[in-house]
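Asks: Protein chains in written order, with our numbering: chain A, 5 to 360; chain B, 5 to 360. Note that the Cβ used here is the ideal one computed from N, Cα and C, for glycine as well.
Here is the structure:
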């Protein structure tokens, strides 16, 4: 909705994109004024103007049927995520409903300069928050139990996330599922992390905020150890760092995303990191190398097994990782824009590992 | 999803609630460990265990079909918001898809004690943020242009929202669409507000945050004037304050929500505030009196024109308002739980109007 017309209200609305004949938006009466001001559409309707019967005046499915009739629309293409209730109401009114193959606006994967600037705003928030988290980790000392301590209190994942949230807020960004995962938690790439942070163990910091005014997302991950890392964690870090740098350098228009993913897998194996199961738990590299970023945090194109050719204007994460419950996890992630000749890291951020 | 099984990931999942035969959840491989820990279900599946063909291993529609086959499910009832792509895939596999009349879990409107405690946590955040905003407005002085000034800078809607966001963060809450609307902006109940706040004009503060750990929402509105209000704004305030207090006192199990809404309209008319259009813009009281609050910010039951009887355990807002572009807007809102004998304001907050 935000991509198609720049309007994204709390409650449901109906948008009809009739191509050259323009876009029609139906909104609840209370949103009418704001929609007139903000929505990039040919016409804003409220249900009364569409003569929606009063008993279904609050039902978006009835708005969709009334709008289709008013605009003499006899067939509509919708996304696979379109609500079945509205689809069935359209079909009962003899309007054909087809599902788009893939994305409804496939051109959305290629970002405009303005969109890349918005993603960069989110990424500036993410990098500012990462720097704040790294500062807090550097400033922490270590108690006898090996836990990090900050201003007299144990530094937990929860407290470090609160440092991150504050830094994001300063940049008009907000994140919901920030990862600050230490030790064995870091070996599960989706573990959000909780409890005391400990010296000598890998700490994965994965921050993916949404820039609130524009709605665009950013994404960054760094992995650090307070004090000295184990020899195995150091080996994992070196392999991930090299693979991530290689992938950033390999990205350019025309290159196959799945080829990049396969090559990272190959390099990890060559470095001695096989992807397999041990005691029923996966170890090695068992997620994608990257995903598109825009008005959604996960959107096309992905850098994984799907056959995709990268194009200028794609904005993707590059985030290989290695995981092993016995040694923790290491993931390094930047968000890059594919340019005419390569890839540009949207907002650079250092890659520290062992923190003093 | 969160209501049905307590699990709410970033990416799509499939949930089958087979009633007494238990709940089945299909999640992407990366979420498997977390789902095992957190989801209240009988069984967690990953697509591989369901033998989803590898070419559709990442397609939730294929997971749904595989799960239906594995559990010998031949018909499913879904919500009206269910994705049409998944519904059509099920139908192609000869699984009947029916749409629920109304909500999929209608019992969700009646909250448990634990749920009410979660909503109260969100509401504590909302009230703390409201108090912080009121403190900032009281502390502000007024410059010669009539604008509010705080620490040498003009106090804008944007700056006051940032004060609100910080107070919310301290309570593990976050809000996206906070309203701080002054003067003519306050006359449009959905205007988010922007620019300098001015003395002598109504300022509507509407804060509806989500408590991040639990996912539950809270909602509060106060309307204030810095300095002296106009006689008309004072009349509007007195009418809204009396109507809101009356409605809170009128709520009890068995009472008709639409009756409460109609009575507020009647009281406003009696006080001289007719709801009508002037120059094409609505004036008076032209939104609902309240809505349910829970894991969504707007959910059943509503206190408006729909015929609904309130029940113990309902949690609703009570938020009458009066609007007039020539005089601004006044809305007062609390979130209340319907008890055995009446309504309990979840978190009390004063009702100041003219601020020194």
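Cα-Cα, which of A:145, A:93 and A:283 is closest to residue 158 (chain A)?
Replies: On the first chain, position 154 is the one that residue 158 (chain A) refers to. Of the candidates A:145, A:93 and A:283, the one whose C-alpha sits nearest the C-alpha of residue 158 (chain A) is A:145.
Asks: Using alpha carbons as the reference points, say which of A:133, A:9 and A:110 lies closest to residue 40 (chain A).
Replies: For the purposes of this step, residue 40 (chain A) is taken as the residue at position 36 of the first chain. Between residue 40 (chain A) and the set A:133, A:9 and A:110, the nearest pair of CA atoms involves A:9.
Asks: Per DSSP, what are the beta-bridge partners of residue 339 (chain B) in this structure?
Replies: For this step, residue 339 (chain B) is matched to residue 335 along the second chain. According to DSSP, residue 339 (chain B) bridges with B:321.
Asks: Which word fits residue 286 (chain A), buried or exposed, when buried means at least 16 other C-beta atoms lie within 10 angstroms of its C-beta?
Replies: Numbered from its first residue, the first chain carries residue 286 (chain A) at position 282. It counts as buried.
Asks: On the three-state DSSP scale, how would you describe residue 345 (chain A)?
Replies: Locating residue 345 (chain A) in the first chain gives position 341, counting from the first residue. Here residue 345 (chain A) sits in coil by DSSP.
Asks: Judging by CA-CA distance, which residue of B:315, B:216 and B:206 is the nearest neighbour of residue 325 (chain B)?
Replies: On the second chain, position 321 is the one that residue 325 (chain B) refers to. The shortest Cα separation from residue 325 (chain B) among B:315, B:216 and B:206 belongs to B:206.
Asks: Just tell me which of A:343, A:323 and A:276 has its CA closest to the CA of residue 355 (chain A).
Replies: Walking along the first chain from the start, residue 355 (chain A) turns up at place 351. Of the candidates A:343, A:323 and A:276, the one whose C-alpha sits nearest the C-alpha of residue 355 (chain A) is A:323.
Asks: Please state the DSSP three-state secondary structure of residue 78 (chain A).
Replies: The count along the first chain starts at 1 and reaches residue 78 (chain A) at position 74. It is coil, neither helix nor strand.
Asks: If the criterion is Cβ atoms closer than 8 Å, does the pair residue 68 (chain B) and residue 18 (chain B) meet it?
Replies: Start at 1 with the first residue of the second chain, and residue 68 (chain B) comes out as number 64. Start at 1 with the first residue of the second chain, and residue 18 (chain B) comes out as number 14. A distance below 8 Å separates the beta carbons of residue 68 (chain B) and residue 18 (chain B).
Asks: Please determine, among B:21, B:66, B:25 and B:243, the residue with the shortest C-alpha to C-alpha distance to residue 32 (chain B).
Replies: As a first step, residue 32 (chain B) is located in the second chain; it is residue number 28 there, counting from the start. The shortest C-alpha separation from residue 32 (chain B) is found at B:66.
Asks: What does the Cβ neighbour count give for residue 149 (chain A), buried or exposed, with the cut at 16 atoms within 10 Å?
Replies: Locating residue 149 (chain A) in the first chain gives position 145, counting from the first residue. Its Cβ having fewer than 16 others within 10 Å, residue 149 (chain A) is exposed.
Asks: Just list the beta strand (DSSP E) runs in the region 137-225 of chain B, keeping only unbroken ones of 3 residues or longer that don't cross its boundaries, in chain order.
Replies: 152-154, 183-186 and 206-211
Asks: Could you tell me which chain B residues have their CB closer than 9 Å to the CB of residue 2 (chain A), listed as they occur along the chain?
Replies: No statement about residue 2 (chain A) is possible, as the shown extent of chain A runs from 5 to 360 and does not include it.
Asks: If you drop the 5 nearest sequence neighbours on each side, which residues of the same chain put their C-beta closer than 7 Å to that of residue 171 (chain A)?
Replies: Taking the first chain and counting its residues from 1, one reaches residue 171 (chain A) at position 167. Listed in chain order, the non-local C-beta contacts of residue 171 (chain A) below 7 Å within the same chain comprise 132, 133 and 136, local neighbours out to five positions each way being set aside.
Asks: Measuring only between beta-carbons, confirm whether residue 181 (chain B) sits less than 8 Å from chain C.
Replies: No chain C is part of this structure, whose protein chains are labelled A and B.
Asks: Please name the residue, chosen from B:57, B:348 and B:316, that lies closest to residue 260 (chain B) on a Cα-to-Cα basis.
Replies: Looking up residue 260 (chain B) in the second chain gives position 256. Taking only the C-alpha atoms, the option nearest residue 260 (chain B) is B:316.
Asks: Hey, out of B:193, B:197, B:291 and B:147, whose CA is closest to residue 164 (chain B)'s CA?
Replies: Here residue 164 (chain B) refers to the residue found at position 160 when the second chain is read from its first residue. Nearest of B:193, B:197, B:291 and B:147 to residue 164 (chain B), Cα basis: B:197.
Asks: Hey, out of A:5, A:167, A:294 and A:327, whose CA is closest to residue 224 (chain A)'s CA?
Replies: Mapped onto the first chain, residue 224 (chain A) falls at position 220. The shortest C-alpha separation from residue 224 (chain A) is found at A:294.
Asks: So, with DSSP's three-state summary, where would you put residue 32 (chain A)?
Replies: In the first chain, counting from the first residue as 1, residue 32 (chain A) sits at position 28. It is coil, neither helix nor strand.
Asks: Just verifying my parser: in three-state terms, what is the DSSP assignment at residue 42 (chain B)?
Replies: Locating residue 42 (chain B) in the second chain gives position 38, counting from the first residue. Three-state DSSP puts residue 42 (chain B) in a helix.
Asks: I want to verify the contact list: residues of chain B whose CB lies under 9 Å from the CB of residue 193 (chain A), in sequence order.
Replies: The residue you call residue 193 (chain A) lines up with position 189 of the first chain. The contacting residues are 34.
Asks: Taking 8 Å as the threshold (beta carbon to beta carbon), is residue 87 (chain A) in contact with chain B?
Replies: Here residue 87 (chain A) corresponds to residue number 83 of the first chain, with the count starting at 1. By this cut-off, residue 87 (chain A) is an interface position.
Asks: Does the region 344-354 of chain A touch the region 200-220 of chain A, meaning 3 or more C-beta pairs lie closer than 8 Å?
Replies: no
Asks: Roughly how many whole angstroms lie between the Cα atoms of residue 176 (chain A) and residue 125 (chain B)?
Replies: The sequence position of residue 176 (chain A) within the first chain is 172, counting from 1. The sequence position of residue 125 (chain B) within the second chain is 121, counting from 1. Going by the C-alpha atoms only, they are around 24 Å apart.
Asks: Anyone know if the C-beta pair for residue 264 (chain A) and residue 254 (chain A) falls short of 8 Å?
Replies: Taking the first chain and counting its residues from 1, one reaches residue 264 (chain A) at position 260. Taking the first chain and counting its residues from 1, one reaches residue 254 (chain A) at position 250. A Cβ-Cβ contact shorter than 8 Å links residue 264 (chain A) with residue 254 (chain A).
Asks: For the alpha helix (DSSP H) containing residue 352 (chain B), list its first residue and its last residue.
Replies: Residue mapping note: residue 352 (chain B) aligns to position 348 of the second chain, counting from 1. From DSSP, residue 352 (chain B) is part of no alpha helix (DSSP H); its letter is neither H nor E.
Asks: Examine chain B for any beta-carbon lying closer than 8 Å to the beta-carbon of residue 103 (chain A), and answer yes or no.
Replies: For the purposes of this step, residue 103 (chain A) is taken as residue 99 along the first chain, with counting starting at 1. Yes, its Cβ sits closer than 8 Å to a Cβ of chain B.
Asks: So is residue 1 (chain A) buried or exposed if we call it buried at 16+ other beta carbons inside 10 Å?
Replies: Chain A is shown only over 5 to 360; residue 1 (chain A) falls outside these bounds and no answer can be derived.
Asks: Among B:11, B:336 and B:42, whose alpha-carbon lies nearest the alpha-carbon of residue 244 (chain B)?
Replies: Here residue 244 (chain B) corresponds to residue number 240 of the second chain, with the count starting at 1. For the residues B:11, B:336 and B:42, the minimum Cα distance to residue 244 (chain B) belongs to B:336.
Asks: For the alpha helix (DSSP H) holding residue 3 (chain B), just list the boundary residues, first then last.
Replies: Within the shown structure, residues of chain B are numbered from 5 to 360, placing residue 3 (chain B) beyond reach of any answer.
Asks: How about residue 164 (chain B): is its C-beta nearer than 8 Å to some C-beta of chain A?
Replies: Counting from 1 along the second chain, the entry for residue 164 (chain B) is found at position 160. It does not: the Cβ of residue 164 (chain B) has no partner Cβ on chain A nearer than 8 Å.
Asks: What does the Cβ neighbour count give for residue 330 (chain A), buried or exposed, with the cut at 16 atoms within 10 Å?
Replies: Along the first chain, one-based indexing puts residue 330 (chain A) at 326. With fewer than 16 Cβ atoms within 10 Å of its Cβ, residue 330 (chain A) is classed as exposed.
Asks: I want to verify the contact list: residues of chain A whose CB lies under 8 Å from the CB of residue 291 (chain B), in sequence order.
Replies: By 1-based counting over the second chain, the position of residue 291 (chain B) is 287. In chain order: 34.
Asks: Please name the residue or residues paired with residue 241 (chain A) in a DSSP beta bridge.
Replies: The residue given as residue 241 (chain A) occupies position 237 in the first chain. BP columns for residue 241 (chain A) are empty, so no partner.
Asks: Relative to the alpha-carbon of residue 83 (chain B), which residue among B:23, B:222, B:109 and B:74 has its alpha-carbon at the smallest distance?
Replies: Here residue 83 (chain B) refers to the residue found at position 79 of the second chain. Comparing Cα-Cα distances from residue 83 (chain B) to each of B:23, B:222, B:109 and B:74, the minimum goes to B:109.
Asks: How would you call residue 78 (chain A), buried or exposed, if buried means at least 16 neighbouring beta carbons within 10 angstroms?
Replies: The count along the first chain starts at 1 and reaches residue 78 (chain A) at position 74. Exposed.
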